[in-house]
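Each residue of the first sequence is one higher than the one before, counting from 0 in numbering that gives the first Met the number 0.
Reading through the structure tokens given below for one structure.
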Amino acid sequence: MSTLPNIKPVMITSNQSWIEGDAVRQLEITANLPGMVRAVGLPDLHPGKGIPIGAAFLSDGIVYPHLVGNDIGCGMGLWQTDMRLSKFKLDKSVKKLKGFEDPWGGDGADVLAQHGLPETLSPKALGTIGSGNHFAEFQRVETVSDEAAFSACGLKQQQILLLVHSGSRGLGHAILEAHIRKHSGAGLKHDSAHFKDYITKHDQAVIWAVANRKTIAERFMTALGAGGICLLDICHNSVTQHQDKWLHRKGAAPSDKGLVVIPGSRGTLSYIVRPRLENADLSLFSLAHGAGRKWKRSDTKARLSRRYSVADLTRTKLGGRVICEDKALIYEEAPEAYKDVAVVIDDLKNAGLIDVIATLRPLISYKTRRR
DNA sequence: ATGTCC
0 MSTLPNIKPV MITSNQSWIE GDAVRQLEIT ANLPGMVRAV GLPDLHPGKG IPIGAAFLSD
60 GIVYPHLVGN DIGCGMGLWQ TDMRLSKFKL DKSVKKLKGF EDPWGGDGAD VLAQHGLPET
120 LSPKALGTIG SGNHFAEFQR VETVSDEAAF SACGLKQQQI LLLVHSGSRG LGHAILEAHI
180 RKHSGAGLKH DSAHFKDYIT KHDQAVIWAV ANRKTIAERF MTALGAGGIC LLDICHNSVT
240 QHQDKWLHRK GAAPSDKGLV VIPGSRGTLS YIVRPRLENA DLSLFSLAHG AGRKWKRSDT
300 KARLSRRYSV ADLTRTKLGG RVICEDKALI YEEAPEAYKD VAVVIDDLKN AGLIDVIATL
360 RPLISYKTRR R
């Protein structure tokens, strides 16, 4: 008599953190796909389109492209600009930030070549943020809790930072679509030709997304007459080889790639954290990638429109400005639609997975602006 | 999430 596999996901949460039942059910179902050996739900876990977001899955001999999703390579890049906080003019900067919906005027083929990618790989989309939860955000240092680690990575309290959240745009979308058309939700056996084809394209999309965040950062800094250096770039949607198995991260930041930035929402602080490697295996070398959604996009307008006008939403409780000239999106991405990132951070800390190095305060959150 | 429909 054979027994069905029953993989129990490990949950990195506490009773102070709210996880939807739907998200847990999605996690349990996904954890029991053929070949799955371990699964982890992170404290920002929330329901997705069948697959939960804020989770990591380890499989043996098989890869599931739909667990990575369409935004292959999506992640967070953090730049330290050469603009000093004391000289940063909020209103003036807000006025200067425009035109990012137009194609980038630079040499996309050259950027791709610099990253070792074919020059024909969607060069025109490079430098565009996209929609949904993507953004570019200027920030300032709010608190430093580990001075040594803070300065060791080159951080300076007086410098304006730029956080970019974007991914592989139409490229990743096309890669997943092509896979789904042929194989639906089926996995790819690691010795098949389709597997090799997918992994090759996936790895290109991951690099493309890095190039995209870099191009976006340069566009934004150039718009303010500034330069800057990249402090970190962390991908939270990918599948990578892990020992002799395959590790899918769906809205999960790696804890074995150095410092990680975990943003809350445009109305809360972001956290720069140092993963604690000695405990990293507990969560499949993965961390929360943000606060996680609390409300469905489709619910936000009804829940908030009587409390806040669009104009209200262009300013946050922390004094930040929001550039989002899309009425639906400005409600969908309201801080209230997200869980409390402080609780997410607490859960990761209490699990022994991270130490907080610093917190960052949003100054200008750029989503989209009409031409 | 998405040149948001091939």
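Glycine residues also receive a C-beta, built at the ideal position from the N, C-alpha and C atoms.
Owing to the predicted nature of the structure, the values given are computational and were not obtained by experimental measurement.
**Message:** So, does the stretch 87 to 99 touch the stretch 210 to 223, judging by three or more C-beta pairs under 8 Å?
**Reply:** yes
**Asked** Do you know whose CA, among G20, N14, H45 and N31, lies nearest K293's CA?
**Response** Numbered from its first residue, the first sequence carries residue 293 at position 294. With distances taken between Cα atoms, K293 lies closest to H45.
**Backbone CA spacing between P334 and G319 [nearest angstrom]** = Translated into the one-based positions of the first sequence, residue 334 becomes position 335. Translated into the one-based positions of the first sequence, residue 319 becomes position 320. Going by the C-alpha atoms only, they are around 12 Å apart.
**Asked** Under three-state DSSP, which class holds I228?
**Response** Along the first sequence, read from residue 1 onward, the residue named residue 228 stands at position 229. Three-state result, I228: strand.
**Message:** My assumption, with CB atoms under 8 Å, is that M35 sits in contact with I6. Please give the rounded CB distance.
**Reply:** On the first sequence, residue 35 is found 36 positions in, with the first residue counted as 1. On the first sequence, residue 6 is found 7 positions in, with the first residue counted as 1. Sure, about 5 Å apart at Cβ, within 8 Å.
**Message:** Below 8 Å, how does it come out for the stretch 276 to 286 and the stretch 250 to 259: are there three or more Cβ pairs, yes or no?
**Reply:** yes
**Asked** Of the choices R265, Y197, V259 and G166, whose alpha-carbon is the least far from that of P274?
**Response** By one-based count along the first sequence, residue 274 stands at place 275. For the residues R265, Y197, V259 and G166, the minimum Cα distance to P274 belongs to V259.
**Request:** Could you tell me which residues DSSP puts in a beta bridge with T119?
**Result:** Reading the first sequence from its first residue, position 120 is the one you call residue 119. None; T119 has no bridge partner.
**Message:** Taking 8 Å as the limit between beta carbons, can you name the residues of its chain near V205, skipping five residues before and five after?
**Reply:** One-based indexing of the first sequence puts residue 205 at position 206. Answer for V205: I71, G72, S167, C234 and S237, listed in chain order.
**Prompt:** Going along the chain, which residues of its own chain have a beta-carbon closer than 6 Å to the beta-carbon of M75, five neighbours each way excluded?
**Reply:** Taking the first residue of the first sequence as 1, we reach residue 75 at position 76. These residues qualify, in order along the chain: H164, I233 and V260.
**Request:** Pull up the CB-CB distance for Y330 and E136, whole angstroms please, since I reckon it's below 8 Å.
**Result:** Counting from 1 along the first sequence, the entry for residue 330 is found at position 331. Counting from 1 along the first sequence, the entry for residue 136 is found at position 137. About 18 Å separates the two Cβ atoms, so there is no contact after all.
**Given 8 Å, three or more beta-carbon pairs between the stretch 139 to 158 and the stretch 177 to 195** = no
**Asked** Should the stretch 49 to 62 be called in touch with the stretch 26 to 40, which here means at least 3 C-beta pairs below 8 Å?
**Response** yes
**Request:** Whole angstroms is fine: what's the gap from L272's alpha carbon to K155's?
**Result:** For this step, residue 272 is matched to residue 273 along the first sequence. For this step, residue 155 is matched to residue 156 along the first sequence. Leu is not the amino acid found at residue 272; the sequence shown has Val there. Near 16 Å, if we compare the C-alpha coordinates of K155 and V272.
**Asked** Near K326, which residues of its chain fall below 8 Å by C-beta distance, leaving aside the five closest residues on each side in sequence?
**Response** Position 327 of the first sequence, counted from the first residue, corresponds to residue 326. Closer than 8 Å at the Cβ level, and outside the excluded window around K326, lie V309.
**Message:** Only counting the same chain, and skipping five residues up and downstream in sequence, which positions put a Cβ closer than 6 Å to that of V9?
**Reply:** For the purposes of this step, residue 9 is taken as the residue at position 10 of the first sequence. V39, listed in sequence order.
**Beta-carbon spacing of A373, D339 below 8 Å** = Since the first residue shown for the chain is 0 and the last is 370, residue 373 is missing from the structure and cannot be characterised.
**Request:** Could you name the residues that DSSP lists as bridge partners for C234?
**Result:** Sequence index remark: in the first sequence, residue 234 carries index 235 (1-based). In the DSSP output, where bridge partners are listed per residue, C234 has G74.
**Asked** From W78 to G184, what does the alpha carbon distance come to, in whole angstroms?
**Response** Translated into positions along the first sequence, residue 78 becomes position 79. Translated into positions along the first sequence, residue 184 becomes position 185. Going by the C-alpha atoms only, they are around 37 Å apart.
**Residues of its chain near I228, where Cβ-Cβ distance is below 6 Å and the 5 sequence neighbours each way are ignored** = Position 229 of the first sequence, counting from 1, holds the residue named residue 228. Around I228: Q79.
**Request:** Compare the C-alpha of W17 against each of D202, R368 and Y337 and name the closest.
**Result:** Position 18 of the first sequence, counting from 1, holds the residue named residue 17. Ranking D202, R368 and Y337 by Cα distance to W17 puts Y337 first.
**Item:** Extent of the continuous alpha helix (DSSP H) to which K181 belongs
**Value:** Mapped onto the first sequence, residue 181 falls at position 182. Start and end: R168 to H182.
**Message:** Taking its Cβ as the centre, do 16 or more other Cβ atoms sit within 10 Å of N14, making it buried, or is it exposed?
**Reply:** Walking along the first sequence from the start, residue 14 turns up at place 15. With fewer than 16 other Cβ atoms within 10 Å, it is exposed.
**Prompt:** How is M332 classed by DSSP in three states: helix, strand or coil?
**Reply:** Here the question's residue 332 lines up with position 333 in the first sequence. Going by the sequence as given, residue 332 is Glu instead of Met. Coil, per DSSP.
**Item:** Opposing strand residues paired with R369 [DSSP bridges]
**Value:** Counting from 1 along the first sequence, the entry for residue 369 is found at position 370. R369 is not bridged to any residue.
**Asked** How many whole angstroms separate the CB atoms of N69 and H172, which I take to be in contact at a CB cut-off of 8 Å?
**Response** Taking the first sequence and counting its residues from 1, the one referred to as residue 69 is at position 70. Taking the first sequence and counting its residues from 1, the one referred to as residue 172 is at position 173. Confirmed, Cβ separation roughly 4 Å.
**Prompt:** Do I322 and R265 have their C-beta atoms closer together than 8 Å?
**Reply:** Mapped onto the first sequence, residue 322 falls at position 323. Mapped onto the first sequence, residue 265 falls at position 266. The answer is no: Cβ separation not under 8 Å.
**Prompt:** Between I174 and K200, which are expected to be in contact by the criterion C-beta below 8 Å, what is the C-beta distance as a whole number of angstroms?
**Reply:** Here residue 174 is taken as the residue at index 175 of the first sequence, counted from 1. Here residue 200 is taken as the residue at index 201 of the first sequence, counted from 1. So it is a contact: roughly 5 Å between Cβ atoms.
**Terminal residues of the alpha helix (DSSP H) in which Q25 lies** = The count along the first sequence starts at 1 and reaches residue 25 at position 26. That run of the alpha helix (DSSP H) goes G20 to A30.
**Message:** Quick check: what's the CA-CA separation for L66 versus A208?
**Reply:** Within the first sequence, residue 66 is the residue found at index 67, counting from 1. Within the first sequence, residue 208 is the residue found at index 209, counting from 1. Near 18 Å, if we compare the C-alpha coordinates of A208 and L66.
**Request:** Classify Y197 as helix, strand or coil using the three-state DSSP reduction.
**Result:** Indexing the first sequence from 1 puts residue 197 at position 198. Reduced to three states, the DSSP call for Y197 is helix.
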